[in-house]
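*Asks:*
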């Protein structure tokens, strides 16, 4: 018997989790599509008298909120499987290895979630954009360079938070959501305020400043022959997502019966 990973056991585990939660998944997807339509309508100007030299159909807010809603639904489905002590015992004692449990969790949390999220946007965005173009008799742009950068950051941040919440669910036996939320607030302060502030006010020259996306920092230092830009101080979250999933594996292994 293969105690590390069995494709058959993994398939049975995925099937079991799907059958337990498919109604929630389907219902959540319908709600997500409806939510996307609503936010796309609310976040764009539909005033017939609106005149602009450049019409742009804004989907950035919809993208971020939709991603958050999708992540919340998938976490809710997972929380249902370990929400009580009895369910936790059943989860840890089922005849599957730690790697199979982690792989099944990853499958639903990342690929399935992103596919559902993308499918919802693929339904709502073309319909609303074509309606918007017909309404104003124009052709709108959809993505700007800044929006693409923000969307990439949003995916990375949500996946990191998702992994941290999963780790909290398996770490804390009571009030897991509350304790994990407190941990997230502390980490947010640490990585977005304390460490950058310490670095740029104490370690780096006073001319330094923070710039860039969530996971990159850049600063400028004045030299005798002009300014030089230094980049690449990774704070959050490019590497933490791997740390959280790695820690989650050992946390599940620790409780495996």
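Numbering (our numbering), first residue to last: 1323 to 1579.
Where is the CB? At the ideal position from N, CA and C, for every residue including glycine.
Quick caveat: nothing in here was measured; it's all calculated off a predicted structure.
Give a yes or no on whether the C-beta atoms belonging to residue 1451 and residue 1443 are separated by under 8 Å.
*Replies:* As a first step, residue 1451 must be located in the chain shown, where it is residue number 129. As a first step, residue 1443 must be located in the chain shown, where it is residue number 121. The answer is no: Cβ separation not under 8 Å.
*Asks:* Could you pull out every residue in the same chain whose Cβ sits closer than 8 Å to the Cβ of residue 1387, ignoring the five residues on either side in sequence?
*Replies:* Numbered from its first residue, the chain shown carries residue 1387 at position 65. Closer than 8 Å at Cβ, skipping near neighbours: 1357 and 1361.
*Asks:* Do you know how far the Cα of residue 1493 is from the Cα of residue 1402?
*Replies:* Looking up residue 1402 in the chain shown gives position 80. Looking up residue 1493 in the chain shown gives position 171. Whole-angstrom Cα-Cα distance: 16 Å.
*Asks:* Within a Cβ cutoff of 7 Å, which residues of the same chain sit near residue 1366, ignoring the five residues on either side of it in sequence?
*Replies:* Translated into positions along the chain shown, residue 1366 becomes position 44. So the list reads 1379, 1380 and 1454, once near-sequence residues are dropped.
*Asks:* Quick one: grab the DSSP three-state call for residue 1493.
*Replies:* As a working note, residue 1493 is residue 171 in the chain shown. Of the three classes helix, strand and coil, the one that applies to residue 1493 here is helix, per DSSP.
*Asks:* To the nearest angstrom, how far is the alpha carbon of residue 1600 from that of residue 1469?
*Replies:* The question about residue 1600 has no answer, for the chain in this structure spans 1323 to 1579.
*Asks:* Label residue 1574 either buried or exposed according to how many other C-beta atoms from any shown protein chain fall within 10 Å of its C-beta, with 16 as the threshold for buried.
*Replies:* Numbered from 1 along the chain shown, position 252 holds the residue referred to as residue 1574. So residue 1574 ends up on the buried side.
*Asks:* Comparing alpha-carbon positions, which option in 1354, 1385 and 1417 lies nearest residue 1396?
*Replies:* Along the chain shown, read from residue 1 onward, the residue named residue 1396 stands at position 74. When each option's Cα is compared against that of residue 1396, the closest is 1354.
*Asks:* Can you look up residue 1403 in the DSSP assignment and give me helix, strand or coil?
*Replies:* Reading the chain shown from its first residue, position 81 is the one you call residue 1403. Looking at residue 1403 - three-state DSSP - the assignment turns out to be helix.
*Asks:* For residue 1326, which three-state DSSP category applies?
*Replies:* Taking the chain shown and counting its residues from 1, one reaches residue 1326 at position 4. Residue 1326: coil per DSSP, three-state reduction.
*Asks:* Using CA atoms only, rank isn't needed, just tell me which of 1485, 1501 and 1505 is closest to residue 1561.
*Replies:* Residue numbering aside, residue 1561 sits at position 239 when the chain shown is read from its first letter. Closest by alpha carbon: 1485.
*Asks:* How should residue 1490 be labelled, buried or exposed, when 16 other C-beta atoms within 10 angstroms of its C-beta is the threshold for buried?
*Replies:* If you number the chain shown from 1, residue 1490 lands on position 168. Residue 1490 should be labelled buried.
*Asks:* From what residue to what residue does the alpha helix (DSSP H) around residue 1453 run?
*Replies:* Position 131 of the chain shown, counting from 1, holds the residue named residue 1453. Residues 1435–1458.
*Asks:* For the alpha helix (DSSP H) that contains residue 1566, what are its first and last residues?
*Replies:* Numbered from its first residue, the chain shown carries residue 1566 at position 244. 1562–1577 is the span of the alpha helix (DSSP H), which, as asked, contains residue 1566.
*Asks:* In three-state terms, what does DSSP make of residue 1475?
*Replies:* The count along the chain shown starts at 1 and reaches residue 1475 at position 153. Of the three classes helix, strand and coil, the one that applies to residue 1475 here is helix, per DSSP.
*Asks:* So, with DSSP's three-state summary, where would you put residue 1340?
*Replies:* Working through the chain shown from its first residue, we reach residue 1340 at position 18. Helix.
*Asks:* Relative to the C-alpha of residue 1571, which residue among 1488, 1497 and 1398 is closest?
*Replies:* Residue mapping note: residue 1571 aligns to position 249 of the chain shown, counting from 1. Among 1488, 1497 and 1398, the Cα nearest to that of residue 1571 belongs to 1488.
*Asks:* Compute the Euclidean distance between the alpha carbons of residue 1389 and residue 1477, then round it to the nearest angstrom.
*Replies:* One-based indexing of the chain shown puts residue 1389 at position 67. One-based indexing of the chain shown puts residue 1477 at position 155. One C-alpha to the other measures close to 8 Å.
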